[in-house]
Amino acid sequence: MDDLQKHISTLEEDVKQKIEQLRQTQNPRLLTPQHSTPKEQPRNLTDSGCQGLYLAAALRVFSDLPTDKKINYETLVKSLEERFAPPNQNELYRVQLKERRQRASETLPELGQTIRRLVIRAYPLAPIEVKETLSKDYFLDVLHDSEMRIKIKQSRPQNLNQAICLA
Numbered sequence: 001m002d003d004l005q006k007h008i009s010t011l012e013e014d015v016k017q018k019i020e021q022l023r024q025t026q027n028p029r030l031l032t033p034q035h036s037t038p039k040e041q042p043r044n045l046t047d048s049g050c051q052g053l054y055l056a057a058a059l060r061v062f063s064d065l066p067t068d069k070k071i072n073y074e075t076l077v078k079s080l081e082e083r084f085a086p087p088n089q090n091e092l093y094r095v096q097l098k099e100r101r102q103r104a105s106e107t108l109p110e111l112g113q114t115i116r117r118l119v120i121r122a123y124p125l126a127p128i129e130v131k132e133t134l135s136k137d138y139f140l141d142v143l144h145d146s147e148m149r150i151k152i153k154q155s156r157p158q159n160l161n162q163a164i165c166l167a
């Protein structure tokens, strides 16, 4: 058990050092858990600042766990899932989908990606075909231009990507 405790401590120190290295080389605002404006949000998970953000948050979750839970893989995974993907958020994402409207400066591919992301989060257990249909339908519903909406519906796109291309 002492060896395991030493190993856990070593891992924690390694992660802390990596976070500190990121702090010195990256924009420090990327390493905070909350961003004040959407423009400050990291664009993708391959961005090293974004990786640092998630690494720092994961370390906080990990360091708050009791030692006996740190050595149990299932407990560790469950704790991280609770932090990064809370299970009771589905209804919130469904409401966001229903209330979502196309913004003035928003491109159609950006709108489509946002709709797709919300559908995936709102209906995590739905089959992929259902998610594609829902994404397409929500996308068409939020378009400002009613003539475009009708024209796209008449073309009967099979999925969201086809609907975006037709728009």
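Residue numbering for the sequence shown is 1 to 167, as defined by UniProt numbering. Don't be surprised by glycine CBs; every beta carbon is placed ideally from N, CA and C.
Identity of the residue in the options nearest residue i by Cα
i    : options               : result
R116 : T107, K131, P127, A58 : K131
A167 : P127, M148, I128      : M148
P157 : S146, K136, R121, G52 : K136
H144 : A58, N90, S105, L92   : S105
E110 : E13, T75, L160, L53   : L160
S79  : V95, V61, I71, S155   : V61
Span of the alpha helix (DSSP H), counted from its first residue to its last, around residue i
i    : result
N159 : Note, N159: premise wrong, no alpha helix (DSSP H); not H, not E.
D68  : 67-70
Sequence-distant residues of its chain with Cβ nearer than 6 Å to residue i (five each side left out)
i    : result
R43  : Residue confidence is low: R43 scores 46 on pLDDT, short of 50, so the model does not pin down where it sits. No coordinate-derived value is stated.
N90  : A122
V142 : R100, R101, Q102
Contacting residues, own chain, Cβ-Cβ under 8 Å from residue i (five flanking each side not counted)
i    : result
L140 : R149, I152, K153, A163
P124 : N90
L76  : F62, L65, K69, K70
7 Å CB neighbourhood of residue i in its chain, flanking five on each side removed
i    : result
E81  : none
G112 : F139, L160, I164
L108 : I164, A167
beta-carbon residue i near the ligand NAD non-hydrogen atom, thresh 7 Å
i   : result
K98 : This structure does not include the ligand NAD; it has no bound ligands of any sort.
Item to check | 4 or more residues per run - each alpha helix (DSSP H) lying fully within the segment 72-136 | outcome: 73-84, 90-99, 108-122
Checklist entry - With a cut-off of 8 Å, do at least 3 Cβ pairs link the segment 95-104 to the segment 71-86? => result no
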